[in-house]
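Visitor:
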Amino acid sequence: MSIATHRLRNQRLIGPLFDTPQAVVRWLGAVQAQDYHGAKWALALRSRDADAAALDGAFNEGEFLRTHVMRPTWHFVAPEDIRWLLALTGSRVHAANTYYYRKLELDEDTFRRSHVILAETLEGSRFLTRPELARALEAGGIMASGQRLAYLVMHAELDGLVCSGPLRGKQHTYALLDERVPPTPSLPRDEALAELTRRYFVSHGPATVHDFAWWSGLTVSDVRAGLELIGSEVEQMELDGKTYWTGAPVRTTEAVEQVVRLLPNYDEHVVAYKDHGPSLDPAARDALCSRTDGPLDAHLVTRAGLVVGGWRRTLEKGGVVVKADLLVVLRHKEQAALEQAAEGYGRFIRLPVVLRGV
1128 MSIATHRLRN QRLIGPLFDT PQAVVRWLGA VQAQDYHGAK WALALRSRDA
1178 DAAALDGAFN EGEFLRTHVM RPTWHFVAPE DIRWLLALTG SRVHAANTYY
1228 YRKLELDEDT FRRSHVILAE TLEGSRFLTR PELARALEAG GIMASGQRLA
1278 YLVMHAELDG LVCSGPLRGK QHTYALLDER VPPTPSLPRD EALAELTRRY
1328 FVSHGPATVH DFAWWSGLTV SDVRAGLELI GSEVEQMELD GKTYWTGAPV
1378 RTTEAVEQVV RLLPNYDEHV VAYKDHGPSL DPAARDALCS RTDGPLDAHL
1428 VTRAGLVVGG WRRTLEKGGV VVKADLLVVL RHKEQAALEQ AAEGYGRFIR
1478 LPVVLRGV
């Protein structure tokens, strides 16, 4: 079984679907989510009967949250996980941000004052947008615009002060974490490290030590310690001269060779690994790697778990056009599978779909 086939199963892109999107988030540990709509599609691909509106509703109810954790980008995380994840990885993201803190003249005194202003402004379950937070900060004497505002709010997220609130129309809001999520017992660091290590290799494996270090932002030494802590819960594999770790693959009778998926940009199936080689179809690898924007910044078409091109959507009156940009020729059954994938996306956004480019 290839690395891509293992990952298809463990990522739940084939086999049994989860009952709820929040169960997907728990399974994967965290889901990269700077593109909110794309990240919702990633959850829908892995769960039953989850369309965009239902996912907005679950997000608004706080069934899963969006915040900065691990790498300095947004992720969906489960409410019960957010505090121990931040305790485990937040300091690593702060360290990665040090250059920008210094460049933007953001020192500890500025962060202390901004935290006080944010706490007072959001207190009482007031859900405010980023521009509204900027006005409050500037009224308190702290310049807050552009990157400076972004890093002020990110610092508050990493310190566990704020997290996502419900959507206001299409605008994202922020909330106080302590008002959004009931207090939960803290985990000792070793227990948190073991839990994240377990979740990553079970849901994302086969993966290398360096894959997990990149995904989590932890050090390679941390990763090796995590593997020691979970012991025989994951197994070691030697593939293509590299050592991979994985949980037992999810069982399914689905024919992997005919599995075609329309993945969103930054889907965990591809973005969660330092080495993207095992995720790219050999026939398409050179073209994908030569892209100036990188192979991960576009929505991706996969065949048997391997990236074979990209896709984009265009909203038109009464429907949506999905344009596939394929770098390989699909066989008849694979073309039919791509058409089914496009129909699934149409159900997700509740619009008729026209597929082009096949």
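End of the sequence shown sits at 1485 in the numbering used here; the numbers just go up one at a time, nothing left out.
Ideal Cβ positions, reconstructed from N, Cα and C, are used throughout, including at glycine.
Helix, strand or coil for His-1164, going by three-state DSSP, please let me know.
Guide: The answer is helix: DSSP assigns His-1164 an H, G or I state.
Visitor: Suppose contacts are defined by Cβ-Cβ distances below 8 Å. Is Gln-1161 in contact with His-1396 by that definition?
Guide: No, they are not a contact pair.
Visitor: Going along the chain, which unbroken runs of the beta strand (DSSP E) with 3 or more residues stay wholly within the stretch 1340–1404?
Guide: Whole beta strand (DSSP E) segments, 3+ residues: 1362–1366, 1369–1373, 1387–1390.
Visitor: The alpha helix (DSSP H) that contains Val-1329, what's its start and end?
Guide: Run containing Val-1329: 1316–1331, per the alpha helix (DSSP H) assignment.
Visitor: Do you know offhand how far Pro-1333's Cα is from His-1133's?
Guide: In a straight line, the C-alpha of Pro-1333 is about 7 Å away from that of His-1133.
Visitor: Is Tyr-1301 buried or exposed, if buried means 16 or more other CB atoms sit within 10 Å of its CB?
Guide: Buried is the call here.
Visitor: From Leu-1182 to Ala-1169, what distance separates their C-alpha atoms?
Guide: Each residue's Cα considered, the two are about 11 Å apart.
Visitor: Let me know if Gln-1363 comes out buried or exposed under the rule of 16 or more other beta-carbons within 10 Å of its beta-carbon.
Guide: The residue is exposed, with fewer than 16 neighbouring Cβ atoms inside 10 Å.
Visitor: Over what stretch of residues does the beta strand (DSSP E) that includes Ala-1302 continue unbroken?
Guide: Unbroken beta strand (DSSP E) run through Ala-1302: 1301–1303.
Visitor: So, helix, strand or coil for Gly-1184, using DSSP?
Guide: In the structure shown, Gly-1184 sits in a helix (DSSP, three-state: H, G or I).
Visitor: Return the chain-ordered list of same chain residues with a C-beta closer than 6 Å to the C-beta of Arg-1326, the five sequence neighbours on each side being excluded.
Guide: Once the five neighbours on either side are set aside, the close Cβ partners of Arg-1326 are Gly-1156.
Visitor: Which one of Tyr-1400, Pro-1409, Lys-1401, Gly-1189 has the shortest CA to CA distance from Gly-1436?
Guide: Closest option to Gly-1436, Cα to Cα, is Pro-1409.
Visitor: Just the C-alpha distance for Leu-1264 and Ala-1271, rounded to the nearest angstrom, thanks.
Guide: Going by the C-alpha atoms only, they are around 6 Å apart.
Visitor: Where does Ser-1406 fall in DSSP's three states?
Guide: In this structure, Ser-1406 counts as helix in the three-state DSSP scheme.
Visitor: Look at Asp-1178 and Phe-1475 and say whether their C-beta atoms are less than 8 Å apart.
Guide: Yes, they are a contact pair.
Visitor: Taking contact to mean 3 or more Cβ pairs, one atom from each stretch, closer than 8 Å, check whether the stretch 1252–1269 and the stretch 1308–1316 are in contact.
Guide: Contact between the stretch 1252–1269 and the stretch 1308–1316 is absent, because fewer than three Cβ pairs lie under 8 Å.
Visitor: Mapping the DSSP letters down to three states, classify Leu-1260 as helix, strand or coil.
Guide: Leu-1260 falls in the helix class under three-state DSSP.
Visitor: By the three-class DSSP mapping on this structure, what secondary structure does Asp-1234 have?
Guide: In the structure shown, Asp-1234 sits in coil (DSSP, three-state: anything other than H, G, I, E or B).
Visitor: In terms of residues, what are the limits of the beta strand (DSSP E) holding Lys-1450?
Guide: Taken as a continuous stretch (DSSP letters only), the beta strand (DSSP E) holding Lys-1450 covers 1446–1453.
Visitor: So, helix, strand or coil for Leu-1135, using DSSP?
Guide: Correct three-state label for Leu-1135: helix.
Visitor: Among Ser-1252, Glu-1466, Ala-1431, Ala-1468, whose alpha-carbon lies nearest the alpha-carbon of Gly-1385?
Guide: The residue asked about is misnamed: residue 1385 is Gln in this sequence, not Gly. Here the closest residue by C-alpha is Ala-1431.
Visitor: By a C-beta neighbour count over all protein chains shown, 10 Å radius and 16 as the cutoff for buried, is Ser-1291 buried or exposed?
Guide: It is buried - the Cβ of Ser-1291 has at least 16 other Cβ atoms within 10 Å.
Visitor: Roughly how many angstroms lie between the CA atoms of Glu-1470 and Gln-1462, to the nearest whole one?
Guide: Each residue's Cα considered, the two are about 12 Å apart.
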